[in-house]
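Please read the structure below before turning to the comments.
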Amino acid sequence: MKKLILATATAVALAAACPALADQPKQGGAAVVTFNNDLTTLDPHVGYDWQNWSVIKSIFDGLMDYKPGTTELEPDLAESYTVSDDGLTYTFKLRPGVKFHNGRAMTAADVKWSLEHAVNPATQSPGGGYLSAIAGYDDVVGGKSAELSGITTPDDGTVVITLSRPDATFLHIMAINFAYVIPKEEVEKAGADWGKKPVGTGAFKFVEWVPGQRIVLERNKDYYKANTPYLDKLTFEFGLDPTVAVLKLKNGEVDIVGDGIPPAQFAEAMADPANKDLIARGDQLHTGYVTMNVNTPPLDNVKVRQAINMAINKDRIVKIINNRAVPANQALPPAMPGYNPDNKGYAYDPEGAKKLLAEAGVGDGFTTELYVMNVDPNPRIAQAIQQDLAAIGINVEIKSLAQAEVIAAGGSGKAPMIWSGGMAWIADFPDPNNFYYGILGCDGAVEGGWNWSKYCNKALDDRGHAADAMVKDDQQAERIALWKGIFDDVLKDAPWAPVFNEIRFTYHSARLGGDDALYTDPIHIPVNYDYIYAKDAQ
């Protein structure tokens, strides 16, 4: 066995992980978070947009997680783990005493069933493919078996997972929501309503969901981490325009503007001295992009997709969002391993774009649709893209819809083009693998998947699997170089038009405390609610 990692849940360890926790804030209090649109689901094996991401992460746990405000892995429901020398067998020792919110003790059987539930085609999980390295995956997906042969449970406190191929990202995958542990009896009891009645092991317990109005969570008093969470109550209010939410925050009625500061108010908010300690800034492993469905003519022609890349004025779009981003030239953001600084992507060149359209046989232009989330600034960004494409003869009809409707249109393949703003890709974990399989690989190009371009290049998938089989420390430089080549080839096929890499700003009330890293958490996006606290707690 080549690795042995032990984790403690002491207050000292947590304080070291996040400076804010060293302040020893009081237990108690409540916080109100606003969103313009309601959430779609709290099923951790289905929910996969940034809006429900942090809520799900507060209700459920996985075998692994990240230290608060960081991208550093640590055991969570697992107390320790070992990895075999060949990188194929992971043995997790579970943390004793962990309970589901219904009071039942969590066991190894729950871990096994949960992973199988995520992979089961009936679940329609957009991330089941992340678990494809587990032995028996193909049999479950193909309907030949209901169980993953690669998972065994020698006793209630031990889970052994055997992979069919080495996977350098497997521990990261055990930290994302598709691997979260859920109680079988609650899933079966709730049936189709499971996503509205979640039961997990996490820091917060679900209380109620009034559609279109609010979701209420309360502190899990039996949570295994001492002094976590700090808040007694967490309420998410829906149907509130971000402009109104900012005013309510200033009036002390809400605590976090979940959709972010609207562009029209950004300059004023940043210039206000009263907001000096209330607006957290953090870099994100993020790319905003336009997807192009490669199965929809004439977008099935690579020259048309390349022309669209060349027609979009990225600098102008960055100005629309108050320069809260930098123009993107490839799928990977600059801070992600595998980013190629020598690859400048497609330069803004409308005349060159017209020539490509002519070569593709659509020199007279065509008409298509661009789907966009209906929260500012996304409709305005879509309008800018519409104007850019009109300049090369492409007539674009904008479909401005709620986030859930845009996601559904992308998953079904109905949408020819989608501006990903408000749903743009922020890394689940800091590895180039995560910017590929779910959103550019064949595993994501399925019904309900997040590969909205439906781009599937099996040769690139195979190259990615070969790279991820390189699990030894001395192989990592070569592995990242292989991923760099994969993304260079993706760019040539142009299933996306990368537009910008965003910087996150989170506006919170003066009554909330916690380090900035918690409000722009790179993993618990956008906020790690488990560790923020109310300064006025009694």
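In case it helps, this note's numbering puts the sequence shown at residues 132 to 669.
Think of the CB as a built atom: it goes at the ideal place given N, C-alpha and C, for glycine as much as any other residue.
{"Item": "I need the straight-line Cα distance from ALA151 to GLN518, nearest angstrom please.", "Value": "Bear in mind that a pLDDT of 40 at ALA151, under 50, signals an unreliable position, so the model cannot answer this."}
{"Item": "Would a C-beta distance cut-off of 7 Å place ALA540 and ALA533 closer than the cut-off?", "Value": "no"}
{"Item": "Apply the 10 Å Cβ neighbour rule to ASP390 and answer buried if 16 or more other Cβ atoms are within range, or exposed otherwise.", "Value": "buried"}
{"Item": "Rounding to the nearest angstrom, what Cα-Cα distance links THR141 and VAL435 in this structure?", "Value": "Since pLDDT at THR141 reaches only 31, below the 50 mark, its modelled position is unreliable, and the value read off the structure follows with that caveat. Near 56 Å, if we compare the C-alpha coordinates of VAL435 and THR141."}
{"Item": "Going by the beta-carbon positions, is the gap between GLY548 and LEU487 smaller than 7 Å?", "Value": "Reading the sequence as shown, one finds Met at residue 548 and not Gly. Result no, Cβ atoms of MET548 and LEU487 do not sit closer than 7 Å."}
{"Item": "In angstroms, rounded to a whole number, what distance separates the CA positions of GLN158 and THR374?", "Value": "31 Å"}
{"Item": "Do the CB positions of LEU591 and ILE617 come within less than 7 Å of each other?", "Value": "yes"}
{"Item": "THR254 by DSSP, collapsed to three states: which one?", "Value": "helix"}
{"Item": "So, for LYS243: in the same chain, excluding its five sequence neighbours on each side, which residues have a beta-carbon less than 6 Å away from its beta-carbon?", "Value": "ILE282 and THR284"}
{"Item": "Would you mind listing the alpha helix (DSSP H) stretches within the segment 564-651 that are 4+ residues and don't spill past its ends, in chain order?", "Value": "589-599, 607-624 and 647-650"}
{"Item": "Provide the residue span of the beta strand (DSSP E) that contains ASN526, from first to last.", "Value": "525-532"}
{"Item": "Bridge partners for TYR664 per DSSP, in chain order?", "Value": "GLY644"}
{"Item": "Determine whether the beta carbon atoms of LYS188 and HIS655 lie at a separation below 7 Å.", "Value": "yes"}
{"Item": "Distance check for VAL330 and LYS336, CA to CA, integer angstroms please.", "Value": "7 Å"}
{"Item": "For HIS655, which of helix, strand or coil comes out of DSSP?", "Value": "coil"}
{"Item": "Can you find at least 3 beta carbon pairs, one from the segment 408-424 and one from the segment 469-489, that sit closer than 8 Å?", "Value": "no"}
{"Item": "Use the C-beta contact count for LYS615: other C-beta atoms within 10 angstroms, 16 or more gives buried, fewer gives exposed.", "Value": "buried"}
{"Item": "Name the one or two DSSP bridge partners that THR289 has.", "Value": "LYS224 and ASP286"}
{"Item": "Any idea what DSSP makes of TYR261, helix, strand or coil?", "Value": "helix"}
{"Item": "Secondary structure at PRO394, three-state DSSP: helix, strand or coil?", "Value": "helix"}
{"Item": "Under a Cβ-count criterion, where at least 16 other Cβ atoms within 10 Å of its own Cβ denotes burial, should VAL312 be classed as buried or exposed?", "Value": "buried"}
{"Item": "Tell me, please, which residues DSSP counts as bridged to LEU365.", "Value": "ALA162 and LEU348"}
{"Item": "Checking 7 Å against the spacing of the C-beta atoms, do ALA209 and PHE231 come in under that value?", "Value": "no"}
{"Item": "Below 8 Å on the Cβ atoms is my contact criterion, and I expect GLY258 with TYR354 to pass it. Report the Cβ-Cβ distance as a whole number of Å.", "Value": "Contact flag wrong, Cβ pair sits at about 25 Å."}
{"Item": "Helix, strand or coil: how does DSSP classify TYR268 here?", "Value": "helix"}
{"Item": "With a cut-off of 8 Å on the beta carbons, I'd call THR165 and GLU368 a contact; round off their distance for me.", "Value": "5 Å"}
{"Item": "Using C-beta distances below 7 Å, list every residue in its chain close to ILE448, excluding the 5 sequence neighbours before and after it, in chain order.", "Value": "ILE512, ALA515, VAL630 and PHE631"}
{"Item": "Going by DSSP in three states, GLU316 sits in which element: helix, strand or coil?", "Value": "helix"}
{"Item": "Could you pull the start and end residues of the beta strand (DSSP E) that MET423 belongs to?", "Value": "417-423"}
{"Item": "Just checking, does the segment 463-473 make contact with the segment 558-566 on the three C-beta pairs under 8 Å criterion?", "Value": "yes"}
{"Item": "Where does the unbroken beta strand (DSSP E) through MET467 begin, and where does it stop?", "Value": "No beta strand (DSSP E) contains MET467, which DSSP labels as neither H nor E."}
{"Item": "Roughly how far, in whole angstroms, is the beta-carbon of VAL425 from the beta-carbon of LYS585, given that I think they are within contact range, below 8 Å?", "Value": "6 Å"}
{"Item": "Kindly indicate the opening and closing residues of the beta strand (DSSP E) around ASP446.", "Value": "Note, ASP446: premise wrong, no beta strand (DSSP E); alpha helix (DSSP H) at 445-451."}
{"Item": "If LEU649 and TYR662 are in contact, beta carbons under 8 Å, what's the gap, nearest whole angstrom?", "Value": "5 Å"}
{"Item": "Looking only at C-alpha atoms, which of VAL214, LEU204, ASP192 and ASP217 sits nearest to ARG226?", "Value": "ASP192"}
{"Item": "So the candidates are THR427, LEU380 and MET237; which of them puts its Cα closest to the Cα of ALA405?", "Value": "LEU380"}
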